[in-house]
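K.L.:
Remember, the working numbering sits 2 above the position in the sequence shown when you count from 1. All residues carry an ideal CB built from backbone N, CA and C; glycine is no exception. Computed from a predicted structure; not experimentally measured.
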Amino acid sequence: FISTLFLFIGIFYSRKKVSLNTYLVSDRNEGAFSLSATLIASSLGAWILFGPPTAATWGGFGSVIGYALGTAFPMILLIFFGKKIRLLLPRGKSLTELVLKKFGKNLFKLIFSLMIFYLFIFLCAEVTAISKLIYYISGLNIWISAFIILFFTLTYVLFGGLKATIRSDGIQFVIIILLFFYLIFSVFLQNNNNLNLNIFQENFIKFDNKSLISSFQFGFVFFIAVAATNLFHQGNWQRVYAAKNEKILVKSLLISFFIIFLIVLFVGITGSISRLNGLKFNEDLAFFSIILNKSDILISLIVLIFSLCLTISTVDTLLNSISSLTIVHSKNFFNFKYLKDKKLSNTVLILLSIICLIIALYQFSVLYLFLLADLLCCACVYVIFKGLYQKKIYPYRSLV
């Protein structure tokens, strides 16, 4: 039902003829609310329900801080880099266009391949995570849930592009925030699972300096990895260009930073609470061990809707990001016009979605591929973003 709802919303906003400018950068006309909503919704996938709580169970509170800051801090960096790239390439649509202009074809091909690889791995992780969660809650066959989410999301992305994605993100954002506050109320105020909520504070005070340093070292690693990777997310750069003006861009990014940080921090802390309360759970289900109550159908339903909104808002962004990169740069690989570019993009999206479905079906672990993407992004981030402020660039030296 949730997937069908957002399918109709997406199709509604793509019922008119969609121009290239609308499909890629939403006519460069987004206001503060719509831009903030889409930045937040597209940054917070179902992965936040698995990654930060799991990190907290073995890395401690410092890991949670690092994860939360790493997820949110790119919004601050985008204030500076976003303003700069809009100045250098006012009619641009992606970071890769600037890379091609400043660094040449060799480094451009590397960054283009890296961004496509990262976006695809992210897509696989999201679909795998939500299908696993739906199976955990309801017992629904994994391939059914993965197919429904991919099919319905892909349908409106193919027709409506970024405009349809942003409009659906606005509704998903409202639902995510409302359900987030309900889950806070359920855990910390109602405390249906009779948890010892003071145990977190008690244990944090008892930590010695060595434990705290170790915990925050983990957090620093998470911060660097997550922040660097998010700077190569095409969806973020599309939204930088979609802002109506620079003032709206800065305002939206600041709002997004605080909200993303608080949500990831809360979700991560649940991992520490579940571990300190001695709850038994699978390694990646720490969040659900204190949220879900087998006898409370309402909570299970809310968690499911919350997770679906997180997933759909991320999946449509990832699909549109891959599509936009393919359209913008197909001319660098093939001599196509826009119509053929769009057909090529649609073909690529459908093929990648089929591969993603297979990966989700077999529940392949994408952790090591994620780590590889993080490593490559960390290796490239300094060279690329330092180059934004350099007048003279040495392409070969930058590639090395």
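Say the cut is 7 Å; is the CB of Tyr69 nearer than that to a heavy atom of the ligand NAP?
P.N.:
Judged by which ligands are present, the structure shown has none, so any question about the ligand NAP falls away.
K.L.:
Does the segment 132–150 come within contact of the segment 54–65, defined as at least 3 CB pairs closer than 8 Å?
P.N.:
The segment 132–150 is not in contact with the segment 54–65.
K.L.:
Enumerate in chain order the residues of its own chain whose CB-to-CB distance from Phe33 is below 8 Å, with the five nearest sequence positions on each side excluded.
P.N.:
By one-based count along the sequence shown, residue 33 stands at place 31. Note on residue identity: the sequence assigns Gly, not Phe, to residue 33. Taken in chain order, the residues that qualify are Lys246, Ile250.
K.L.:
May I have the straight-line CA-CA distance separating Ile380 from Lys344, to the nearest angstrom?
P.N.:
Stepping through the sequence shown from its first residue, residue 380 is reached at position 378. Stepping through the sequence shown from its first residue, residue 344 is reached at position 342. It should be pointed out that residue 380 corresponds to Cys in this sequence rather than to Ile. Between Cys380 and Lys344, the C-alpha separation is close to 31 Å.
K.L.:
Which one of Leu160, Phe183, Ala48, Ile173 has the shortest CA to CA distance from Leu125?
P.N.:
Here residue 125 refers to the residue found at position 123 of the sequence shown. It is Ala48.
K.L.:
At what residues does the alpha helix (DSSP H) containing Pro55 begin and finish?
P.N.:
Here residue 55 refers to the residue found at position 53 when the sequence shown is read from its first residue. Pro55 -> alpha helix (DSSP H) spans 53–61.
K.L.:
Taking 8 Å as the cut-off, decide whether the C-beta atoms of Gly270 and Pro92 are in contact.
P.N.:
For the purposes of this step, residue 270 is taken as the residue at position 268 of the sequence shown. For the purposes of this step, residue 92 is taken as the residue at position 90 of the sequence shown. No, the Cβ-Cβ distance between Gly270 and Pro92 is not below 8 Å.
K.L.:
Suppose you measure from the CA of Ala127 to the CA of Gln392; what does that come to, to the nearest Å?
P.N.:
By 1-based counting over the sequence shown, the position of residue 127 is 125. By 1-based counting over the sequence shown, the position of residue 392 is 390. Looking at the two C-alpha atoms, the distance is approximately 36 Å.
K.L.:
Going by CA-CA distance only, name the one from Ile67, Gly53, Leu90, Thr98 that's closest to Asn238.
P.N.:
Position 236 of the sequence shown holds residue 238. With distances taken between Cα atoms, Asn238 lies closest to Thr98.
K.L.:
Excluding sequence positions up to five away, which residues of its chain have a Cβ less than 7 Å from the Cβ of Ser355?
P.N.:
Stepping through the sequence shown from its first residue, residue 355 is reached at position 353. These residues qualify, in order along the chain: Leu152, Leu156.
K.L.:
Could you tell me the alpha carbon to alpha carbon distance between His235 and Met117, rounded to whole angstroms?
P.N.:
On the sequence shown, position 233 is the one that residue 235 refers to. On the sequence shown, position 115 is the one that residue 117 refers to. If I take the Cα positions, the gap works out to 7 Å.
K.L.:
Does the distance from the C-beta atom of Ser258 to that of Ile42 stay below 8 Å?
P.N.:
To locate residue 258, count along the sequence shown from 1; it is residue 256. To locate residue 42, count along the sequence shown from 1; it is residue 40. A contact, by the Cβ cut-off of 8 Å.
K.L.:
Taking the alpha helix (DSSP H) that Ser44 belongs to, which residues open and close that run?
P.N.:
As a position in the sequence shown, residue 44 is number 42, starting the count at 1. Segment 34–45, the alpha helix (DSSP H) holding Ser44.
K.L.:
Around the C-beta of Thr319, are 16 or more other C-beta atoms found within 10 angstroms, so that it is buried, or is it exposed?
P.N.:
The residue labelled residue 319 in the question sits at position 317 within the sequence shown. So Thr319 ends up on the buried side.
K.L.:
Taking the beta carbon of Ser115 as the centre, do at least 16 other beta carbons fall within 10 Å, making it buried, or is it exposed?
P.N.:
The residue labelled residue 115 in the question sits at position 113 within the sequence shown. Burial call: exposed.
K.L.:
Looking at Val350: is its Cβ nearer than 8 Å to the Cβ of Lys95?
P.N.:
For the purposes of this step, residue 350 is identified with residue 348 of the sequence shown, where counting begins at 1. For the purposes of this step, residue 95 is identified with residue 93 of the sequence shown, where counting begins at 1. Not closer than 8 Å, so no.
K.L.:
What did DSSP end up calling Lys208 once you bin it into helix, strand or coil?
P.N.:
Numbered from 1 along the sequence shown, position 206 holds the residue referred to as residue 208. Low per-residue confidence applies at Lys208: pLDDT is 49, beneath 50, and the placement is therefore not dependable, though the value from the model is reported in the following sentence. Three-state result, Lys208: helix.
K.L.:
Do Leu321 and Gln240 count as a contact pair if the criterion is CB distance below 8 Å?
P.N.:
For the purposes of this step, residue 240 is taken as residue 238 along the sequence shown, with counting starting at 1. For the purposes of this step, residue 321 is taken as residue 319 along the sequence shown, with counting starting at 1. Contact: no.
K.L.:
Between Phe387 and Leu112, what straight-line distance do the alpha-carbon atoms span, to the nearest angstrom?
P.N.:
Looking up residue 387 in the sequence shown gives position 385. Looking up residue 112 in the sequence shown gives position 110. If you take the alpha carbons of Phe387 and Leu112, they lie about 15 Å apart.
K.L.:
Under DSSP, the alpha helix (DSSP H) around Asp29 begins and ends at which residues?
P.N.:
In the sequence shown, the residue the question calls residue 29 occupies position 27. Per DSSP, Asp29 belongs to no alpha helix (DSSP H) and is neither H nor E.
K.L.:
Along the chain, which unbroken stretches of the alpha helix (DSSP H) at least 4 residues long are found entirely within the segment 71–127?
P.N.:
With a minimum length of 4 residues, the continuous alpha helix (DSSP H) runs that stay inside the segment 71–127 are 97–105.
K.L.:
Please name the residue in Ala70, Lys333, Ser45 whose C-alpha comes closest to that of Ile226.
P.N.:
As a position in the sequence shown, residue 226 is number 224, starting the count at 1. With distances taken between Cα atoms, Ile226 lies closest to Ala70.
K.L.:
Alpha carbon to alpha carbon, how far is Val383 from Ile81?
P.N.:
Counting from 1 along the sequence shown, the entry for residue 383 is found at position 381. Counting from 1 along the sequence shown, the entry for residue 81 is found at position 79. Approximately 16 Å between the Cα atoms of the pair.
K.L.:
Do Ser147 and Ser170 count as a contact pair if the criterion is CB distance below 8 Å?
P.N.:
Within the sequence shown, the letter at position 168 stands for residue 170. Within the sequence shown, the letter at position 145 stands for residue 147. No, the pair does not count as a contact, with Cβ atoms beyond the cut-off.
K.L.:
Report the partner residues of Ala245 according to the DSSP bridge assignment.
P.N.:
Along the sequence shown, read from residue 1 onward, the residue named residue 245 stands at position 243. BP columns for Ala245 point to Glu32.
K.L.:
Which residues in the same chain as Leu312 place their Cβ atom closer than 6 Å to its Cβ, once the five residues preceding and following it in sequence are excluded?
P.N.:
To locate residue 312, count along the sequence shown from 1; it is residue 310. Excluding sequence neighbours, Leu312 sits near Leu46, Gly47, Ala48.
K.L.:
So Ala74 packs on Val266, CB below 8 Å; how close in whole Å?
P.N.:
Reading the sequence shown from its first residue, position 72 is the one you call residue 74. Reading the sequence shown from its first residue, position 264 is the one you call residue 266. With a Cβ gap of about 7 Å, Ala74 and Val266 count as contacting.
K.L.:
What separation, rounded to the nearest whole angstrom, lies between the Cα atoms of Gly389 and Lys104?
P.N.:
Indexing the sequence shown from 1 puts residue 389 at position 387. Indexing the sequence shown from 1 puts residue 104 at position 102. In a straight line, the C-alpha of Gly389 is about 8 Å away from that of Lys104.
K.L.:
Give the range of the alpha helix (DSSP H) segment to which Tyr174 is assigned.
P.N.:
Here residue 174 refers to the residue found at position 172 when the sequence shown is read from its first residue. Rather than Tyr, the amino acid found at residue 174 in this sequence is Gln. Here the alpha helix (DSSP H) through Gln174 covers 144–186.
K.L.:
Which residue's Cα is closest to the Cα of Tyr184: Leu26, Ile301, Asn23?
P.N.:
Here residue 184 corresponds to residue number 182 of the sequence shown, with the count starting at 1. Answer by Cα proximity: Ile301.
K.L.:
Tell me which residues share the same chain as Gly72 and place their Cβ nearer than 6 Å to its Cβ, disregarding the 5 neighbours each side in the sequence.
P.N.:
Looking up residue 72 in the sequence shown gives position 70. Counting only Cβ-Cβ distances below 6 Å, and skipping sequence neighbours, we find Phe224, Phe225, Val228, Ala229.
K.L.:
Are the CB atoms of Ser36 and Gly172 within a distance shorter than 8 Å?
P.N.:
By 1-based counting over the sequence shown, the position of residue 172 is 170. By 1-based counting over the sequence shown, the position of residue 36 is 34. Yes.
K.L.:
Here's a check: name, in chain order, each residue in its chain whose Cβ is nearer than 7 Å to the Cβ of Ala375, leaving out the five neighbours to either side.
P.N.:
Taking the first residue of the sequence shown as position 1, residue 375 is located at position 373. Counting only Cβ-Cβ distances below 7 Å, and skipping sequence neighbours, we find Phe119, Tyr120, Ile123, Thr231.
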